[in-house]
Each structure stands twice: as C-alpha cells, then as structure tokens.
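Visitor:
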Amino acid sequence: MSFLIVMVLLLVVMYVLMIRPQRQRQQAQQTMIDSAGVGDDILTSGGIYGTITEIEDDDVVVEIAEGLTVHMTRRGIAAVLPPEGDEDEDMVDAEAVEDAESDDEAPVTTDEEAVTSEQDADPAAADRR
Numbered sequence: 276m277s278f279l280i281v282m283v284l285l286l287v288v289m290y291v292l293m294i295r296p297q298r299q300r301q302q303a304q305q306t307m308i309d310s311a312g313v314g315d316d317i318l319t320s321g322g323i324y325g326t327i328t329e330i331e332d333d334d335v336v337v338e339i340a341e342g343l344t345v346h347m348t349r350r351g352i353a354a355v356l357p358p359e360g361d362e363d364e365d366m367v368d369a370e371a372v373e374d375a376e377s378d379d380e381a382p383v384t385t386d387e388e389a390v391t392s393e394q395d396a397d398p399a400a401a402d403r404r
C-alpha cells in the first residue's frame with residue numbers, strides 16, 4: 276500500500292515539475308504567435324527574419340527583403356521580435372555591465388604590438404630576419 280502512495284506522489288511531482296511548465300510555455304508561445312499582426316518583425320522556424328505584410332486565416336505573407344515575400348503558415352513563426360525601440364534599453368544595460376567589467380581588467384595587447392615592440396628593442400634581431 277505504501278508503494279502505491281509513493282508512486283502516486285512521484286507522478287504528481289513529475290507533473291508539477293515537468294509537464295505543467297512545458298504546457299505553460301507552449302501556451303505562451305501559441306499566444307505570442309496568435310497575437311502577431313501586420314508590421315510585426317518575426318523569426319521563422321527556419322531562421323529567417325522578416326516582417327509580416329499580410330495575414331489570411333492561418334497563412335501569413337512575410338517580407339524577408341525589399342520586394343521579396345514568402346507565403347507561410349503561422350506554425351512556421353518561431354518568435355515575434357520586440358519593437359526596435361526596446362533594444363536601446365538592452366544596449367544601455369549591456370554597456371553599463373561592460374564598463375563595470377572593464378574597470379577590473381588590464382589593457383590587452385595584440386600580437387602585432389608585441390612583435391613590433393620586440394623589434395624596436397633589439398635591432399640586431401631585425402637584421403637576422
């Protein structure tokens with residue numbers, strides 16, 4: 276009897292930790308795809324970026340380059356991209372992180388600088404080459 280209770284508890288835990296979050300992600304993905312409208316920038320499941328120009332039921336027309344359109348189903352949309360105005364906030368945050376990290380780092384020299392400085396320091400080495 277206790278074995279049966281343990282098995283039921285394991286199934287409940289598995290459902291709560293694995294299946295339920297996966298269903299929530301799928302539902303959020305479907306909601307995002309359904310909310311896509313004309314003018315939205317998207318990423319297709321094939322990795323192509325484009326802008327939706329027309330929507331007819333389950334079909335969409337996506338402009339992937341100026342004057343070049345592709346007809347596809349909504350299921351081919353992998354993600355609806357955020358408007359370009361939202362990227363500025365991310366850029367500011369990324370720059371702040373880079374500035375904070377660069378304060379702790381020493382300057383980096385390239386191989387060319389190292390070679391040039393070695394040649395300048397030892398003129399006899401330049402003659403041997």
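For any residue, its number in the working numbering is found by taking its place in the sequence shown, counting from 1, and adding 275. The beta carbon of each residue, even a glycine, is placed where N, CA and C say it ideally should be. What you are looking at is a predicted structure, and each value in this text was computed from that prediction instead of being measured.
Should residue 319 and residue 340 be called a contact, given that it needs their Cβ atoms to be closer than 7 Å?
Guide: Stepping through the sequence shown from its first residue, residue 319 is reached at position 44. Stepping through the sequence shown from its first residue, residue 340 is reached at position 65. No, Cβ-Cβ distance for residue 319 and residue 340 is not below 7 Å.
Visitor: Examine the Cβ distances between the segment 323-342 and the segment 301-308 and report whether three or more of them are shorter than 8 Å.
Guide: no
Visitor: Let me know if residue 282 comes out buried or exposed under the rule of 16 or more other beta-carbons within 10 Å of its beta-carbon.
Guide: Residue numbering aside, residue 282 sits at position 7 when the sequence shown is read from its first letter. So residue 282 counts as exposed.
Visitor: Where does the unbroken beta strand (DSSP E) through residue 318 begin, and where does it stop?
Guide: Sequence index remark: in the sequence shown, residue 318 carries index 43 (1-based). Start and end: 316-319.
Visitor: Relative to the C-alpha of residue 357, which candidate in 333, 310, 331 and 349 has its C-alpha closest?
Guide: Taking the first residue of the sequence shown as position 1, residue 357 is located at position 82. When each option's Cα is compared against that of residue 357, the closest is 310.
Visitor: Look up residue 294 in the DSSP assignment and say whether it is helix, strand or coil.
Guide: The residue you call residue 294 lines up with position 19 of the sequence shown. Residue 294 falls in the helix class under three-state DSSP.
Visitor: Looking only at its own chain, which residues have a Cβ that is under 6 Å from the Cβ of residue 316, when we skip the five neighbours before and after it?
Guide: Looking up residue 316 in the sequence shown gives position 41. Closer than 6 Å at Cβ, skipping near neighbours: 326 and 356.
Visitor: Apply the 10 Å Cβ neighbour rule to residue 291 and answer buried if 16 or more other Cβ atoms are within range, or exposed otherwise.
Guide: Stepping through the sequence shown from its first residue, residue 291 is reached at position 16. Residue 291 is exposed by the Cβ-count criterion.
Visitor: What is the DSSP secondary structure of residue 313, reduced to helix, strand or coil?
Guide: The residue labelled residue 313 in the question sits at position 38 within the sequence shown. Three-state result, residue 313: coil.
Visitor: Go ahead and pull the three-state DSSP assignment for residue 307.
Guide: Position 32 of the sequence shown, counted from the first residue, corresponds to residue 307. Residue 307 falls in the helix class under three-state DSSP.
Visitor: Taking 7 Å as the limit between beta carbons, can you name the residues of its chain near residue 294, skipping five residues before and five after?
Guide: On the sequence shown, position 19 is the one that residue 294 refers to. Closer than 7 Å at Cβ, skipping near neighbours: no residue.
Visitor: So the alpha helix (DSSP H) residue 347 belongs to, where does it begin and stop?
Guide: As a working note, residue 347 is residue 72 in the sequence shown. First-last for residue 347: 343-348, but that is the beta strand (DSSP E), not the alpha helix (DSSP H).
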